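Protein sequences, first through last, are from chains B and F.
Numbering-wise (this note's numbering), the first sequence opens with residue 206 and increments by one.
Numbering-wise (this note's numbering), the second sequence opens with residue 206 and increments by one.
We treat Cβ as the ideally placed atom computed from N, Cα and C, and that holds for glycine.
As the structure is a prediction and not an experimental result, all values here were calculated from the model.
Take a look at the structure set out below.
Protein chains: 2
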Amino acid sequence: MVRQREFDKEKALDDAMGLFWEKGYAATSISDLTAVMGIQRPSLYATFGDKEKLFEAALRKYTNLHATHIRTKLQNTSSVKEAFRNLFEELIEKEYKTKVSKGCFCINTIVELAPHDEKFEILTREHEMYLSVIFQETLLKGIKSGELEGNLDVKALAQTLVVALIGITVLLKSHPERSFVDKSVTLILSLIR
Amino acid sequence: MVRQREFDKEKALDDAMGLFWEKGYAATSISDLTAVMGIQRPSLYATFGDKEKLFEAALRKYTNLHATHIRTKLQNTSSVKEAFRNLFEELIEKEYKTKVSKGCFCINTIVELAPHDEKFEILTREHEMYLSVIFQETLLKGIKSGELEGNLDVKALAQTLVVALIGITVLLKSHPERSFVDKSVTLILSLIR
DNA sequence: AGTATAATATACTGATTGGTACAAAATAAT
DNA sequence: ATTATTTTGTACCAATCAGTATATTATACT
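Quick look at the structure:
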């Protein structure tokens, strides 16, 4: 009955996600977006609403992918301590490889938009809270398996790991000496006992 | 010999600092700046160069004020542990009071500009490194006075405290439950022994 | 008082911003 | 094949962007 879309919506959203992730909301123009998405301006508006709606869709896609990534990363290792170490080390490794460090899309949004838009304050907060829940579950698993001490304050530790993850991610964007980051990661991981 | 400036340069820079701090670089327009600085557009350009130069001047002013604030905060207390606790608690308290949370101007800049402009990558990194030096000195003082254990890894701990400070500051912008932040601060401070 | 100098206010520049109107093109059901 | 519907490409909109030209005003030295 109607003409069908010529581009892949999910792939276009993925490209938009990459650009917003790298440049932030304000510094990304619609022209930048259409160029990287390979679609025409009216197609963007027809498919995704407006700039803010597109940004929100991109961020939601990111948080889903990110949460899944973290979850599987923490599940695939037998040792809980080792799993967390791998998580941090992957973060560091990735950041020192790439030319322009994008950091974490969610953290970038906390800094840029959360204070000025309640929608994003809630969205980003809930993602960080969810991460702390994943961390809690992982730590509990470690206690049950006997790897971790039973009297561990799981909630406090999980939340601290989230705080540390944020701190490391942000600090990496300023390209500090590698030893700086490594040392603090080691010390933070020592809290998992 | 010449007509003299009608506005206070330092006060105007202070106002610009406040606005850049709150809104970031890209989202702040020259018109926003002149409005809040109470000066005319050509005066801004004549006095501060251009938007980026003004931003840099504002950021430099911030890092100087911030470093001084932290330094005095850590010196004015007899107990080192208590001093760090005060530092974090002041941060939290301030964030839950104000309507729109500005966070830390330097951290905001790490996230927004450091990956895209080497000038700001260096400037912000050096500030964070300087903070870790202040922390180291404070911890050393604590060891000398006998308050802290002598076998403490001062460097690693100082750097971890910087990471935690960043993490807490960013997370606060998403307004998490107060207990979340408090718990992780308590756990992090427990590293100072 | 006259002059040199710089700060001010107004008004403007071309470029870019987010967002659309509109006509052509393509599709699926009749 | 015709029709209804939606995407696409081009071209546009007013508003705003960073930055400036210009003329006026105020000052300090001669």
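query, result
"Nearest neighbour of K378 of chain F, chosen from B:F293, B:L328, B:K378, B:T365 [CA to CA]", "B:L328"
"S306 of chain B burial status per 10 Å Cβ neighbour count (16 or more: buried)", "buried"
"Coarse secondary structure for N313 of chain B, derived from DSSP in three states", "helix"
"Whole-angstrom distance between K346 of chain B and S337 of chain B, CA atom to CA atom", "14 Å"
"Under 8 Å from the C-beta of Q341 of chain B: neighbouring residues of chain F", "Neighbours of Q341 of chain B on chain F: none; closest Cβ ~12 Å, over 8 Å."
"Short CB-CB distance (under 8 Å) between K324 of chain F and chain B", "no"
"Segment contact, 8 Å Cβ cut-off, at least three pairs: the stretch 227-240 of chain F with the stretch 249-269 of chain F", "yes"
"Length-filtered (4 minimum) alpha helix (DSSP H) runs lying within the stretch 279-365 of chain B", "285-302, 310-317, 323-349"
"Simplified DSSP assignment, three categories, for V207 of chain F", "coil"
"Stretch-stretch touch, CB-based, cutoff 8 Å, three pairs: the stretch 216-229 of chain B with the stretch 258-266 of chain B", "yes"
"Straight-line gap, I244 of chain B to K256 of chain B (C-alpha atoms, nearest Å)", "14 Å"
"Residues near Y230 of chain B in its chain [Cβ-Cβ closer than 7 Å; skip 5 each side]", "F260, E317, L318"
"L396 of chain B (DSSP reduced to helix, strand or coil)", "coil"
"Assigned secondary structure, Y149 of chain F (DSSP; H/G/I helix, E/B strand, else coil)", "Chain F is shown from 206 up to 398; residue 149 of chain F falls before or after that span and cannot be answered."
"F325 of chain F versus Y267 of chain F: straight-line alpha-carbon distance, rounded", "13 Å"
"Alpha-carbon to alpha-carbon, P381 of chain B and S389 of chain B", "12 Å"
"Backbone CA spacing between L357 of chain F and F253 of chain F [nearest angstrom]", "46 Å"
"Interface residues of chain B facing H271 of chain F [CB-CB closer than 7 Å]", "Within 7 Å Cβ-Cβ: nothing; H271 of chain F doesn't reach chain B, min ~15 Å."
"Residue closest to E333 of chain F, alpha-carbon to alpha-carbon, out of F:I348, F:I371, F:K349, F:T303", "F:I371"
"Option in F:L296, F:I312, F:K360, F:F289 with minimal Cα separation from V375 of chain B", "F:I312"
"Best match in F:E300, F:T233, F:F340 for proximity to T277 of chain F [C-alpha to C-alpha]", "F:F340"
"Coarse secondary structure for F212 of chain B, derived from DSSP in three states", "coil"
"As assigned by DSSP and simplified to three states, the class of S379 of chain B", "coil"
"C-beta atoms of L296 of chain B and I373 of chain B nearer than 8 Å", "yes"
"Inter-residue spacing [alpha-carbon to alpha-carbon] between D322 of chain B and L362 of chain F", "35 Å"
"When B:E342, B:F310, B:I397 are compared against D219 of chain B, the one with the closest alpha-carbon", "B:F310"
"Whole-angstrom C-beta distance between I397 of chain F and F289 of chain F, which should lie under 8 Å", "6 Å"
"I244 of chain F (DSSP reduced to helix, strand or coil)", "coil"
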